[in-house]
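Using the working numbering, the first residue of the sequence shown is number 2, and each one after it goes up by one. Structure first, then comments.
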Amino acid sequence: MSLQRTIKNEVNLQGIGLHSGKLIRMALKPAAPNQGIIFVRSDLEGAPQIPAYYKNIVSTQLATTLGLGKATISTVEHVLAAFQGLGVDNGIIEVDGPEVPIMDGSSQVFCDAIASVGLQSQLQFRPYLVLRQKVELKLAEKWAVAEPASRLEIQGSIDWDHPSIGYQEFCFREGETSFEELAQARTFGFLKDEEVLKKMGLARGASLENTVVLDDALILNPQGLRFPDEFIRHKVLDALGDFKLAGIEIRARFRLHRAGHDLHSQLLAEIFRNPDHYQLIDRDSSKEERQVSGLQAMLARGFVAGF
Ligand SMILES: [Zn+2]
2 MSLQRTIKNE VNLQGIGLHS GKLIRMALKP AAPNQGIIFV RSDLEGAPQI
52 PAYYKNIVST QLATTLGLGK ATISTVEHVL AAFQGLGVDN GIIEVDGPEV
102 PIMDGSSQVF CDAIASVGLQ SQLQFRPYLV LRQKVELKLA EKWAVAEPAS
152 RLEIQGSIDW DHPSIGYQEF CFREGETSFE ELAQARTFGF LKDEEVLKKM
202 GLARGASLEN TVVLDDALIL NPQGLRFPDE FIRHKVLDAL GDFKLAGIEI
252 RARFRLHRAG HDLHSQLLAE IFRNPDHYQL IDRDSSKEER QVSGLQAMLA
302 RGFVAGF
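Here it is as structure tokens:
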């Protein structure tokens, strides 16, 4: 039986935004039980809040972007993966710009920041979701499946027609796979796309310091890769971050092939679309496992009230 956790103290960090190229400051702060993860745009009037919740996804192009009202926050997946991987339920992520800084392109810097202040148990039960049936999505050659399981598993595979990537697979199993196996895996991009993206006003902050860059055949980073299969490890890391947007711990086996932010978000929406797909377990208000409605659980976690 798990208890909810938050970070012990505030920790500050700063870095470049991958797309804006601007310096962005960030503060990770503790939050009360049942709050979930909430982004705050401290640079905007009234410091608007954007809960890390799949219904607030406004774009999945190149990164996951959340929005509520006029406020948006991009590239949320790597910091959310750090919260997920370290088992942090509640926290405030304050950012003074439109995107989370890219840091080294992985989750490692966020993990180190969280580890530097430590975690605090909150003596409240951590609700979770189990699947009652298989839920699957297929989009041309990409597919995503979620199946009933007693713990979170993410089995990812890619098949990239590139001599330095090819077919790769990796399986993360909660409680078995160390999060370190994923946390250091960096984002990657192709040199041929860079010019196009920069013309669109994107990837202005992209460099060999924060992205594994490939030309038509080779990896251009002088230090090479951190893992021989760093690409699929990063894809699984992205999935871990995106699934944090469920707003509740998910115990299910995900099998993802050539998936990305779009498919992750569609799969979450598909799971929640039909209450027959899942059961929410909240042992806080009862000694016995019981089912509560999706709305009740979200209200309890502060996602619906006030927004
Ligand atoms: Zn990523």
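Cβ coordinates follow ideal geometry from the N, Cα and C atoms, glycine included.
Please indicate yes or no: does the CB of residue i lie closer than 8 Å to some heavy atom of ligand 1?
i      : result
His20  : no
Pro265 : The question names Pro, yet the displayed sequence has His at residue 265. No, ligand 1 has no heavy atom inside 8 Å of this Cβ.
Leu390 : Here the chain comprises residues numbered 2 to 308, so residue 390 is not present and cannot be evaluated.
Phe239 : It is Asp, not Phe, that sits at residue 239 in the sequence shown. For ligand 1, at least one heavy atom lies less than 8 Å from the Cβ of Asp239.
Glu78  : yes
Asn188 : Sequence check: residue 188 is Thr here, not Asn. Thr188: yes, Cβ under 8 Å from ligand 1.
Ala64  : yes
Let's test the definition: count the other Cβ atoms within 10 Å of the Cβ of residue i and tell me whether it reaches 16, buried, or not, exposed.
i      : result
Leu81  : buried
Gly47  : exposed
Gly167 : exposed
Asp216 : exposed
Lys245 : buried
Pro52  : buried
Asn10  : exposed
Val59  : exposed
Asn1   : Shown here, the chain extends from 2 to 308; a query on residue 1 therefore has no answer.
Gly248 : buried
Ile17  : buried
Glu100 : buried
Ser287 : Unreliable positioning characterises Ser287 in this predicted model, as indicated by a pLDDT of 49, which lies under 50. The coordinate reading is nonetheless provided below. Exposed: under 16 other Cβ atoms inside 10 Å.
Asn211 : buried
Arg6   : buried
Ala64  : buried
Glu137 : exposed
Glu95  : buried
Arg133 : exposed
Gln85  : buried
Met27  : buried
Ser266 : buried
Measure the Cβ-Cβ separation of residue i and residue j and say whether it is below 9 Å.
i      : j      : result
Ile74  : Thr61  : no
Val131 : Arg234 : no
Pro102 : Leu198 : no
Leu45  : Asn57  : no
Trp161 : Phe232 : yes
Gly157 : Ala260 : yes
Leu4   : Thr188 : no
His258 : Asp243 : no
Phe40  : Val12  : no
Pro128 : Glu250 : yes
Phe273 : Ala147 : no
Ile8   : Gly119 : yes
Indicate, with yes or no, if ligand 3 has a heavy atom lying under 8 Å from the CB of residue i.
i      : result
His235 : Although ligand 3 was asked about, the structure shown includes only ligand 1 as ligands.
Would you say residue i faces chain C, with C-beta separation under 9 Å as the test?
i      : result
Ile220 : The structure shown has no chain C; it contains just one protein chain.
Determine contact between the stretch 105-125 and the stretch 170-188, defined as no fewer than three beta-carbon pairs at a distance below 8 Å. yes
Counting pairs of Cβ atoms below 8 Å between the stretch 139-158 and the stretch 194-207, do you hit three or more? The stretch 194-207 and the stretch 139-158 do not touch, with fewer than three beta-carbon pairs separated by less than 8 Å.
Are there three or more Cβ pairs, one per stretch, closer than 8 Å when the stretch 30-37 is compared with the stretch 85-97? yes
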